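Numbering (the working numbering), first residue to last: 410 to 566.
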């Protein structure tokens, strides 16, 4: 089941990629069914909080008519940042599954999950379909660097 839902999150990441956004996707799952989807939209919306997880959590809250999602799981293609961990914690998400680890060590995922903030802890499992999740990010940034290099080359000519 984990791979099924991470594949759904990867489809969301692909949508972000096609929009020129950093390809991160997220889905919220309840009782074995996807209730909401989200993908990164920071560049297009020019809003710092337009992360995939935030979008998926907000949509789930609206659909389920509650800010509390205690029976829900969140699947995301990249280890969540502190803001997204805070949102998941505040929504009382039961468990987070993520794909690729944040290489730069900026996530604080484990520390936030175990902090017992708001009298709630989130179970976290990383490395779900890690290679696939890492590959889409790597491809995006390699492509971006090639475009930037070509742009600078054109400007010199």
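Each residue gets a CB set at the ideal place from its N, CA and C atoms; glycine is no exception. Owing to the predicted nature of the structure, the values given are computational and were not obtained by experimental measurement.
Distance CB(residue i)-CB(residue j) smaller than 9 Å
i           : j           : result
residue 504 : residue 534 : yes
residue 493 : residue 438 : no
residue 444 : residue 468 : yes
residue 415 : residue 484 : yes
residue 488 : residue 518 : yes
residue 532 : residue 524 : no
residue 490 : residue 516 : yes
Nearest neighbour of residue i, chosen from the options [CA to CA]
i           : options            : result
residue 497 : 486, 478, 511, 509 : 478
residue 410 : 506, 547, 555      : 506
Endpoints, the beta strand (DSSP E) within which residue i is located
i           : result
residue 508 : 504-509
residue 446 : 442-448
residue 483 : 482-487
residue 435 : 434-439
Other residues of its chain near residue i: CB distance less than 6 Å, five sequence neighbours each side excluded
i           : result
residue 500 : 466, 478
residue 459 : 450, 451
residue 417 : 436, 443
Residues near residue i by beta carbon distance below 8 Å, same chain, minus five either side
i           : result
residue 419 : 434, 486, 508, 538, 541, 542, 545
residue 463 : 447, 492, 493, 496
Same chain, Cβ closer than 7 Å to residue i, five either side skipped, listed in chain order
i           : result
residue 452 : 429, 430
residue 421 : 434, 435, 436, 446, 447, 448, 461
residue 529 : 498, 501
residue 549 : 426, 431, 432
residue 476 : 470, 500
Extent of the continuous alpha helix (DSSP H) run through residue i
i           : result
residue 467 : 461-473
residue 523 : 518-523
residue 421 : 411-427
residue 493 : 491-499
Near the ligand COA: residue i beta-carbon under 8 Å from a heavy atom
i           : result
residue 481 : The ligand COA is not among the ligands present in this structure, which contains no ligands whatsoever.
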